[in-house]
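Going by our numbering, the sequence shown runs without a break in its numbering and finishes at 559.
Single-structure report; data block below.
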Amino acid sequence: MDDFEIALRIVAGIALILANGFFVAIEFALTRARQYSKGQFLTEGSRGLERAWEMTQDLELYLTTCQVGITASSIAVGIVAEPALAALFEPFFRNTLLASIGSGGILAFLIINLVHLTHGEQTPTYLGVERSRFVARYGAIPLYWFHYLLSPVIALGDGIAKLTLELFGIEMTGAWLEEREEIESRADLRAELNSILVRGGLTDERREEVLNALDVGEQPVREVMVPRETINALRTTDSSEVNLDRIAAHPHTRYPLVGETLIHFRGIV
Numbered sequence: 291m292d293d294f295e296i297a298l299r300i301v302a303g304i305a306l307i308l309a310n311g312f313f314v315a316i317e318f319a320l321t322r323a324r325q326y327s328k329g330q331f332l333t334e335g336s337r338g339l340e341r342a343w344e345m346t347q348d349l350e351l352y353l354t355t356c357q358v359g360i361t362a363s364s365i366a367v368g369i370v371a372e373p374a375l376a377a378l379f380e381p382f383f384r385n386t387l388l389a390s391i392g393s394g395g396i397l398a399f400l401i402i403n404l405v406h407l408t409h410g411e412q413t414p415t416y417l418g419v420e421r422s423r424f425v426a427r428y429g430a431i432p433l434y435w436f437h438y439l440l441s442p443v444i445a446l447g448d449g450i451a452k453l454t455l456e457l458f459g460i461e462m463t464g465a466w467l468e469e470r471e472e473i474e475s476r477a478d479l480r481a482e483l484n485s486i487l488v489r490g491g492l493t494d495e496r497r498e499e500v501l502n503a504l505d506v507g508e509q510p511v512r513e514v515m516v517p518r519e520t521i522n523a524l525r526t527t528d529s530s531e532v533n534l535d536r537i538a539a540h541p542h543t544r545y546p547l548v549g550e551t552l553i554h555f556r557g558i559v
């Protein structure tokens, strides 16, 4: 194998790993799309996002498309790039004991699999989960046309997969299209509220303040009560200047407004 062929195979291998990463990222991005409402997902009016939302109506077909792309690129990486790397490393082990056990091929196998795992699988998985709208915006249209070109193969694979599930009594119901209508627990409520607050751009501190309101019912009253003598109350019997001085000396967000004594409660300032 000459130098030109080795270089060509390595470049092709890198391209195949990137292709594998593309299919992995868009697969996870599409499966996460329905966690948004349609209005939230399409806020920017992107054609790519609109196409991605339409594709979730037939999500199983596009997941099959992703799997075809992932499988094909993964197999091709081994066929194309591994022999080139083995040929590249083989001279380093020539005339040594390691040459007899094919050390160049073993090293090439390990490197190909490591790069494929980290940059062809894990990295795009995290990207698809964490930046699902970004990936969908730029990846949906290429995936759509890839599916269009391979639609006969995709339809065959999809049919075989569904038939296999039916043999075990499992029916495809499009569960990814179902929108959750009820919040069943406090944990569900906290998770949903936190998601809304994050999308609203609230700071971590402010978001924590809002979420803490969910725990008020579990906090003993004695933990939030203060002794009467430490209450900084504003009094209707005092002048405005006195009350303003009290506010300046004891800054709070709210003050009880009372009459002559604390039992004569008038309201909250």
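Note that beta-carbon positions come from the ideal geometry of N, C-alpha and C, so glycine has one too.
- Sequence-distant partners of GLY418 (beyond 5 residues in either direction) whose C-beta falls short of 6 Å from its own C-beta, in its chain, are ALA315, PHE318, ALA319 and VAL425.
- By the criterion of a C-beta distance shorter than 7 Å, HIS409 is surrounded in its chain by ILE307 and GLY311, once the five residues flanking it on both sides are discounted.
- Using a 10 angstroms sphere on the CB of TYR352, the tally of other CB atoms reaches 16 or more, which defines it as buried.
- For VAL405, there is no enclosing beta strand (DSSP E); the enclosing alpha helix (DSSP H) covers residues 393 to 407.
- Contact between PHE379 and ALA398 is confirmed by a C-beta separation of about 6 Å, below the 8 Å threshold.
- The straight-line gap separating the alpha-carbon atoms of ALA302 and LEU455 is approximately 36 Å.
- A distance below 8 Å separates the beta carbons of SER336 and ARG427.
- Residue pairing for LEU483: DSSP places it in no beta bridge.
- The closest CA to that of ALA297, considering only LEU375, LEU339, LEU332 and GLN412, is found on LEU375.
- Taken in chain order, the complete beta strand (DSSP E) segments of 3 or more residues contained in the region 488 to 550 are 546 to 548.
- Annotation for PHE555: PRO546 and VAL548 place their beta carbon closer than 7 Å to its own, counting only its chain and skipping 5 residues before and after.
- Straight through space, the alpha carbons of PHE313 and GLY359 are spaced by roughly 6 Å.
- In this structure, THR355 and PHE436 form a Cβ contact; the two beta carbons are roughly 6 Å apart against a cut-off of 8 Å.
- Each residue's CA atom was taken as its position, placing PRO517 and VAL488 some 37 Å apart.
- LEU524 is the residue among GLU372, GLU531 and LEU524 whose C-alpha sits nearest the C-alpha of THR543.
- In the DSSP annotation of this structure, PHE458 is not part of any beta strand (DSSP E), being labelled neither H nor E.
- DSSP, read as helix, strand or coil, puts ILE553 in coil.
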